[in-house]
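Numbering (my numbering), first residue to last: 10 to 312.
As structure tokens, this is what we get:
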């Protein structure tokens, strides 16, 4: 609690919202925020429009301390009491039925967590779906729209606070799966991210943010190399090699931006990783077999 400033618990202030449904919510919402007051205000307004109001909204402000969103999310979910914890970024807008869809999914399915659908705005100003590439099982997970059972978070200990930013959400999801729980892809639980996703990952070389990405990729590999191989194979199968993404990942895994912390991959480790990834990607291609999220059927709960 001392490392990040807790901005507010919305239910404990004047931000309590009247429910538009007789259904009692079991969903806490956690929003980490960093120097984006206007975006945060828009996010809160989108929660005001929900058909079912969340049990609580925990906003954790890291603007003064800058320890990263993982620590902020841990502070937030531990403050709540709901059976389900939904994470959304401060620059995202929840669709009107977001909470209702999340609650319904967890009531109906025996799952540990879900990643919901995300729409974003492309460079031409068009709204497009931002979905997992080819729905590969071990590829990127995003806490811009993710919900988990509280008991699952308690069992795995929440987010690994060694990640400053980037990949802390994928690491969390992998540990949920390793603990024996199911992570599902639920596109009907949807939020909108107004800015194009992924562009900030290129960063500015030499900046603190730029240096965090190689460190996080290296840490993720060391924490779970077998899943990272499947993640890399998924990138190959999704033809990420064509747009230069694969080259960036290969370079980041061997870059040294954190001399006192995570160790970059050696040449032999990097060679082994990408050799196995290419073999696995070719095997999937030959078999015509794509490993995907267990997908939940879309439902309109307002009907």
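C-beta atoms are modelled at their ideal positions from N, C-alpha and C, and glycine is treated no differently.
### Query
Taking the alpha-carbon positions, what's the residue 56 to residue 282 distance?
Pairing residue 56 with residue 282, the inter-Cα distance amounts to about 42 Å.
### Query
Is the beta carbon of residue 197 sitting closer than 8 Å to the one on residue 91?
Cβ distance not < 8 Å, so residue 197 and residue 91 don't count as in contact.
### Query
Can you tell me the Cα-Cα spacing of residue 68 and residue 291, whole angstroms?
Whole-angstrom Cα-Cα distance: 45 Å.
### Task
State the Cα-Cα distance for the pair residue 35 and residue 161, rounded to the nearest angstrom.
The C-alpha of residue 161 is placed about 15 Å away from the C-alpha of residue 35.
### Query
Whose C-beta lies closer than 7 Å to the C-beta of residue 44 among residues of the same chain, with five residues either side of it excluded?
Result list for residue 44: 72, in chain order.
### Query
Any idea if residue 202 is buried or exposed, counting beta-carbon neighbours within 10 angstroms, 16 or more meaning buried?
Taking all protein chains shown into account, residue 202 has 16 or more neighbouring C-beta atoms within 10 Å of its C-beta and is therefore buried.
### Task
Please confirm whether residue 172 and residue 77 have their CB atoms less than 8 Å apart.
Here residue 172 is near residue 77, since their CB atoms are less than 8 Å apart.
### Alpha-carbon spacing of residue 150 relative to residue 240, whole angstroms
Between residue 150 and residue 240, the C-alpha separation is close to 11 Å.
### Task
May I ask you to check if the CB of residue 67 is nearer than 7 Å to at least one heavy atom of the ligand NAP?
Absence of the ligand NAP from the depicted structure is noted, as is the absence of any ligand whatsoever, leaving it without description.
### Close beta carbons around residue 311, own chain, < 6 Å, minus the five adjacent residues each side
Any reading at residue 311 needs caution, since the residue's pLDDT is 27, under 50, leaving its predicted position unreliable; the model's value is listed next. Here the set comprises nothing.
### Length of the line joining the Cα atoms of residue 244 and residue 41
Roughly 28 Å between the two C-alpha positions.
### Query
Skipping 5 residues on each side, what residues in its chain have a beta carbon closer than 6 Å to that of residue 169?
Excluding positions up to five away in sequence, the list reads 180.
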